[in-house]
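Structure first, then comments.
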Amino acid sequence: MQINTFSTHTDLVMNHSVANVLNPSFFHNFSECIQQIDDSENLIISGNGIFFSSGLDLFYINDLNRIEIIKFIGNFEAMLQSILDRSGLTLAYINGHTVAGGFILAAACDQAFCEPGKYKLGMNEKKLGIKLPPLAQAIIKFTFERDIHKILCKSDFYLPKKIKEFDHFSKNERTFENVFKNQNRLKKIEHFMKTEKDKQMETFINSWFSKKSITARNALIKSIKKD
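Going by our numbering, the sequence shown opens with residue 3, and the numbers climb by one from there.
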């Protein structure tokens, strides 16, 4: 990953892999970069090539056991929390495919700006037959509020021109002028984690190891290998 510092903000360019898949080495590199950036500095997170992030690394996590998957999700949630905890503003600058865990990463930011294009954005958890881990669920729930069903229940991904119907995605050029830190959203996320974390983690784990989810994940991995 590459850090570029300017007079008004810092750029964090994710170039961990072609698709910026989220795995332990990604989490480690992301954490190292975040720790190097002044917490009060405005931050723009972007991806390389045709991807912002394709989400969790299915090739890595598909065969993890219960203890291993809980540890993995803990690292994923720590990455998301590091964005939520920043005192400075954080903007996701989306230039390519942003799906599943990558979409949640963009949702964790204070605002997202989408470059025009034909890339895809959204969630695929419904197709995979799994529930969201607790922090991911809280971020989606309190970022999109009444529109959450349009995010989680959509049968296909969004294109940039359609995703902008949601307030979280800016219709303007990337700028911090109209971005603010939604303290009400952050408080709701914090309360959800205090009261629902253990219950929702158990629900996620049960769905992850369900027959439906295993079959769907194996089919997806097989299709990716063919591509």
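We treat Cβ as the ideally placed atom computed from N, Cα and C, and that holds for glycine.
Q) Going by the CB atoms, is the gap between isoleucine 132 and phenylalanine 178 shorter than 8 Å? A) Taking 8 Å as the cut-off, the beta carbon of phenylalanine 178 is found no closer than this to the beta carbon of isoleucine 132.
**Q.** Minimum length 4: unbroken alpha helix (DSSP H) runs contained in the segment 52-121
**A.** If only uninterrupted alpha helix (DSSP H) runs of at least 4 residues are considered, those enclosed by the segment 52-121 are 60-63, 68-86, 103-110.
Q) Is threonine 12 helix, strand or coil by DSSP? A) Assignment of threonine 12 by DSSP, reduced to helix, strand and coil, places it in the strand class.
Q: Report yes or no: do three or more beta-carbon pairs, one from the segment 66-74 and one from the segment 116-130, lie closer than 8 Å?
A: Taking 8 Å as the limit for Cβ pairs, the verdict is that the segment 116-130 does not touch the segment 66-74.
Q: Identify, in the order they occur along the chain, each residue of the same chain with its Cβ nearer than 8 Å to the Cβ of isoleucine 142, setting aside the five sequence neighbours on each side.
A: In chain order, Ile106, Ala109, Met125, Leu134, Ile150, Ile153, Leu154 place their CB closer than 8 Å to the CB of isoleucine 142, counting only its own chain and leaving out the 5 sequence neighbours on each side.
**Q.** methionine 16 vs serine 48 beta-carbon contact at 8 Å
**A.** Contact flag set, yes.
Q) Excluding sequence positions up to five away, which residues of its chain have a Cβ less than 7 Å from the Cβ of phenylalanine 159? A) Hits under 7 Å: Val101, Lys122, Leu123, Gly124.
Q.
Quick check on aspartate 65: buried or exposed, where buried means 16 or more other Cβ atoms within 10 Å of its Cβ?
A. Exposed, since its Cβ has fewer than 16 Cβ neighbours within 10 Å.
Q: Measure the alpha-carbon distance for methionine 195 versus glutamate 204 and round it to whole angstroms.
A: Taken atom to atom, the span from the alpha-carbon of methionine 195 to that of glutamate 204 is near 13 Å.
Q) Which residues in the same chain have their Cβ closer than 8 Å to the Cβ of glycine 90, if we skip the five residues on either side of it in sequence? A) These residues qualify, in order along the chain: Asp40, Asp41, Ser42, Glu43, Asn44, Leu45.
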